[in-house]
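Engineer: In this note's numbering, the protein residues as written are 457 to 655. This is the structure I have questions about; it appears just below.
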Amino acid sequence: NLQPANLQPATCEPAKLLSATNLFSSILEGLGDIWPKRESIAGVNLGDVWQHSALKGDNYGSEYVPFHKLSQWLTYSLLEPLQELGLEITELDQLTGLAEYRNGGLCLDLGLLEVKDRAILKQSHLPSSEVIIEWRALTVSLLDQIAATIRQQLNLSATELPLVKVLQGGTWTAGRRIAAQLRLGGSSPIQIDSDGTVF
C-alpha cells in the first residue's frame, strides 16, 4: 500500500535517514500495477522498460533498458518535503537523470546529440521504437556529464549540487525555453507518439 504513512517503515533507518533508492523501490513496487502492461518478467510488470535489439546477448534480459522516468520523477518530488520533515536523504546519487523529452530535447537542440538521419525529425515515433530508446539512454548518460561539468565550473561537490538540482534548475528549464525559441509551441525536436504514461 503506497500511502505516505506506509513509506516510513519501508524507507527510514535509525537516526532519521531516508534512502532515496529505498523510496524509489517502494514507489516502483507500490505503483507497478498502474502502468500499462508492456514488458514483464516472471509475471512482474516492468513499467518504463524497453527492449533494444543491439543489446540482446546470452544473459536473460540483457536487451532491456530501464528508464522509470515518471517513478523517478515522483521520487525526486517527494524528497524535498521529506527533507523538510527532518529526514536526511542518503544514496541520492544512485538515481539517474530523467529520460524525458525536455532533457533529451536540450541535448539535441544544443548539438550534444545529432540524429543519423534527418528523416527521424519529420515523423512521429512510439516510445518502444529504437530511435526513442537510444535517445533516452544517451540523454541519461549526457545528464551525468552535464552535471559533472557544472559542478567543476562552480567548484561544488555532488553532495552540494546533486543531479536533481541540475535537472530542476538547469536542464529541464533550459530545454523548455530553448524548445520554445526554436519551434512553435515548444514541441520536442523528435515527435513522440505517447499515451502519457511515459512522458
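C-beta atoms are modelled at their ideal positions from N, C-alpha and C, and glycine is treated no differently.
Is there contact between the stretch 629-648 and the stretch 549-559, where contact requires at least three CB pairs shorter than 8 Å?
Structural biologist: Yes: at least three Cβ pairs fall under 8 Å.
Engineer: How big is the Cα-Cα spacing for alanine 476 and threonine 552?
Structural biologist: Taking the straight line joining both Cα atoms gives about 11 Å.
Engineer: If you follow the alpha helix (DSSP H) that valine 654 is in, where does it begin and where does it stop?
Structural biologist: First-last for valine 654: undefined, no H or E at that position.
Engineer: My output table needs one value for tyrosine 532: the three-state DSSP class, helix, strand or coil.
Structural biologist: Residue state, collapsed to three classes: helix.
Engineer: Note down the Cα distance separating serine 533 from lysine 525, rounded to an integer number of angstroms.
Structural biologist: Taking the straight line joining both Cα atoms gives about 12 Å.
Engineer: When the Cα atoms are used, what is the spatial distance from serine 481 to leucine 487?
Structural biologist: Cα-Cα distance, rounded: 10 Å.
Engineer: Can you have a look at glutamine 425 and say buried or exposed, based on whether 16 or more other CB atoms are within 10 angstroms of its CB?
Structural biologist: Residue 425 is absent from the model: the chain starts at 457 and stops at 655.
Engineer: Which residue wins for smallest C-alpha separation from glycine 642, given the options Val620, Gly652, Thr605, Asp565?
Structural biologist: Among Val620, Gly652, Thr605, Asp565, the Cα nearest to that of glycine 642 belongs to Asp565.
Engineer: List the endpoints of the continuous alpha helix (DSSP H) containing valine 620.
Structural biologist: Looking at the DSSP string, the run of the alpha helix (DSSP H) that includes valine 620 is 619-622.
Engineer: With H, G and I counted as helix, E and B as strand and the rest as coil, what does DSSP make of serine 580?
Structural biologist: Correct three-state label for serine 580: strand.
Engineer: Would tryptophan 491 and threonine 653 be called neighbours here (beta carbons separated by less than 8 Å)?
Structural biologist: For tryptophan 491 and threonine 653, yes; Cβs fall inside 8 Å.
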